[in-house]
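Q: Before anything else, here's the structure in question.
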Amino acid sequence: MHGDHDLSSYTAGMTSTHTSTAPERLVTGPVSSLPTEHGTFAIRSFTLDAVTHAVLTMGDPAGCDRPLVRVHSECLTGDALGSHRCDCGDQLDAALAAIAAEGHGMLVYMAEHEGRGIGLAAKLQAYALQDEGMDTVAANRALGLPDDARDYTAAAMILRELGCPRIRLLTSNPSKQHALEELGIEVVSRVRLPVADRPENSAYLTTKRQRMDHDAPPATDTEAPRTQLPGADVGVDTDIYTALAANEEVVAQLAQSQDGFIATRTGDACFVSGTTDRTHLHRIRAHVGAVLVGAQTVIADDPQLTVRAVPGTDPVRVVLDPYARVPATSTVLSTGPTPTVWLIGAEAAPGADVGDHVRVVRLPPSASPQDIIAVVRGLVAGSILVEGGGRTVSSFLAAGALDRLFLTTAPVFIGDGVPGIRFQGSEVMAQALRTPFRRFELGEDICTEYLLSPAAAAHSQPSPSVQEPASVESPQPTQ
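The working numbering puts the first residue of the sequence shown at 30, with every later residue one more than the last.
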C-alpha cells in the first residue's frame, strides 16, 4: 500500500509551526476551581477566533519572575482515552505534577492542536499509515499535510494577558520554544518532563527526535554513555546541573567519612573526599545563584567559594554569621570582586574593614532556615547551595528547607572529629527520614543524591531511582 503514496514531493521544508500575528481579541471566561489528583487548580476559558482554550493555574504565576508553563496540545487519544501510541497523556500528567510541586505555574491547553494541528480525522488516517510501517512524519506527508501545523498565537496572547511574558517552558520540543519567542514570549529555559518512553511509543518518539529535532532523553546505562556538559568529567547525570540552573531550589552538598565526620578533631578537612567529588561541587557552584556557608566553616577553612575546577560563573557568596564572628581578613570578606552577603544578627557588631564587595544584611530575630532562604531569595536569583558545614546543612535538612542533598561518602574512617549530618531523629525506624535517591560513583567516593521535595523530584531526569554507578576520572581541581 505504500506504493499508493508518492512521498518524493514532500520534503523537510514542509515542516511548519504557524505563528500568525493577526490582531484578535481574547474573550475570557470566569474563573472556577478544578480539584485534581495533583491539587486544586484555577481554570478558565480563553476564546480566540471562535476556538476556546482552557488554562489551569496554581498559585500566582504572574508574581513569579519566570513561572513554570506547559503549553499542551489537545490529544483526545492520549489525554482522555489513555493511548500509549504517544506520550501526550503522560506529559500532561507530569506537567500538572511539576506545577503543583513548585506551587506556582500554568498549563495552557490548546484546542484544535490535535495531531500536531492536522485534526482528529487526519491524525487517525496517519495512524493507519503508521500501522502499515510509515513513521509519523512520513504519514503526514503522504496525506499532503505538514509535519507540524500548530499555531501558538492564542498561547502567546494568553500568557501576556495573564502577566507571564517571561517563562520556563515545560517541553522537549525546541520548535514550540521558537514559535513562542517569535510571538514575543521570552522563554528563559526549556525544562524536560520526567516521562519515560513506553514500548508502544518508542519508535514514534525516536522519529520526533531524529526528524523533528525534539530533545533526546538522558542516556541510560543500557544505552549510550551518559551525556555530559562541555568539560564534564564527573559521573553525575548532567540534567541535575541543568535543573539547578533552570529552577530555584535549595540544595546542600556535604562530603563525610564512612563513619560520618567532615573533619578530624583538629578541624583538618583537607581532603575528606577525592578530586572527582570536588569537581562535582564546583560544577554545582557554577549552576546556582548563591552559595551559603556557616561562620564556623569560614573560620576553620577560609574558603574562596568560587568556581575554579570547571568553567562557569561564580555564585554570590553568603556567610551565615549571626554573631559577626568571621574576621574581616577572611577571604570571602576581604577579597572581591565576587559579591559576598554577610548575614548577621540584629545586635551583632560587624568589623569595619571589609571589602567593597561585601553587603551586610541583618537577619530577623531567631531566624529559621526558611527565614534565611527568604532573605537570600530577596537578594539573589536562582538556586541556593548550602555548602557547609555539617551543623548548617543539618539544620536546613531538619527544618525541611532543602529540595535536594548531595551527600558524598569517602572510603575513610576518621574515628572522631567534626560531625557531618546530625539532627534529632525519630525514636522508631518506621518514622526515620526516607526519600527518593540516586547514587553516583565519583572516583573512589559514592555520592548519594536525596530528592527531598516534590519540586526536586519533578525537576529531575530521569525519575528518581537507584542507579548503577559508573566509574570516571577527573583532573585535579584546586579547593
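We put the beta carbon where it would ideally sit given N, CA and C, even for glycine.
These figures come from a predicted structure and were not determined experimentally.
Please determine if the segment 67-75 and the segment 91-99 are in contact, where contact requires at least 3 C-beta pairs separated by less than 8 Å.
A: no
Q: Under the rule that 16 or more other beta-carbon atoms within 10 Å means buried, what is Gly-444, buried or exposed?
A: It counts as exposed.
Q: Does the count of Cβ pairs from the segment 347-354 and the segment 377-389 closer than 8 Å reach three?
A: Put simply, the segment 347-354 touches the segment 377-389. At least three CB pairs are less than 8 Å apart.
Q: On a Cα-Cα basis, can you pick out the residue from Val-339, Pro-332 and Leu-212 that is closest to Ser-363?
A: Pro-332
Q: Going by the CB atoms, is the gap between Ala-439 and Ser-302 shorter than 7 Å?
A: Yes, Cβ-Cβ distance for Ser-302 and Ala-439 is below 7 Å.
Q: Need the endpoints of the alpha helix (DSSP H) that Tyr-156 sits in, please.
A: 149-160
Q: Checking the sheet assignment: what are the DSSP bridge partners for Phe-469?
A: Cys-476
Q: Who are the near neighbours of Arg-238 in its chain, counting only those whose CB is closer than 6 Å to its CB and skipping five residues on each side?
A: Ala-245
Q: Name the one or two DSSP bridge partners that Val-348 has.
A: Val-322 and Trp-371
Q: For Pro-448, does the three-state DSSP call read helix, strand or coil?
A: Secondary structure at Pro-448: strand, using DSSP grouped into helix, strand and coil.
Q: Note down, one range per segment and in chain order, each beta strand (DSSP E) of at least 3 residues found wholly within the segment 266-323.
A: 279-286, 290-292 and 319-323
Q: Go ahead and pull the three-state DSSP assignment for Ile-328.
A: helix
Q: For Thr-182, does the count of other Cβ atoms within 10 angstroms reach 16, so buried, or fall short, so exposed?
A: Its Cβ being crowded by 16 or more others within 10 Å, Thr-182 is buried.
Q: Does Ser-423 come out as helix, strand or coil in the three-state DSSP assignment?
A: helix
Q: Rounded to the nearest angstrom, what separates Val-317 and Ala-292 at their Cα positions?
A: 25 Å
Q: For Glu-215, report the span of its beta strand (DSSP E) as first-last.
A: 215-220
Q: Quick test of your reading: Glu-278 and Ala-428, contact by CB under 8 Å. State the CB separation rounded to the nearest angstrom.
A: In fact, because the Cβ distance is near 15 Å, the residues do not count as touching under 8 Å.
Q: Between which residues of its own chain and Ala-357 is the CB-CB distance below 6 Å, once the five residues before and five after are set aside?
A: Gly-380, Asp-382 and Val-383
Q: Can you name the start and end residues of the alpha helix (DSSP H) that Val-361 belongs to?
A: 360-363
Q: Taking the alpha carbon of Met-186 as the point to measure from, which residue in Ala-329, Ala-168 and Gly-213 has its own alpha carbon closest?
A: Gly-213
Q: Give the DSSP bridge partners of Gly-68, in chain order.
A: The partner list for Gly-68 (beta bridge, DSSP) reads Thr-65.
Q: So, for Phe-442: in the same chain, excluding its five sequence neighbours on each side, which residues have a beta-carbon less than 8 Å away from its beta-carbon?
A: Ser-286, Gln-287 and Asp-288
Q: Is Pro-398 close to chain D, meaning its C-beta is less than 7 Å from at least one C-beta of that chain?
A: Of the protein chains in the structure, only one exists, and it is not chain D.
Q: Is the number of C-beta pairs between the segment 409-429 and the segment 311-329 that are closer than 8 Å three or more?
A: yes
Q: Closer than 6 Å: is that where the CB of Gly-429 sits relative to any heavy atom of the ligand FAD?
A: This structure lacks the ligand FAD, and indeed carries no ligand of any kind.
Q: Quick one: Cα of Asp-512 to Cα of His-113, how far?
A: The structure shown does not extend to residue 512, since the chain is modelled only from 30 to 508, so the question has no answer here.
Q: Pull up the distance between the alpha-carbon of Arg-227 and that of Val-84, whole angstroms please.
A: Rounded to whole angstroms, Arg-227 to Val-84 spans 28 Å at the Cα level.
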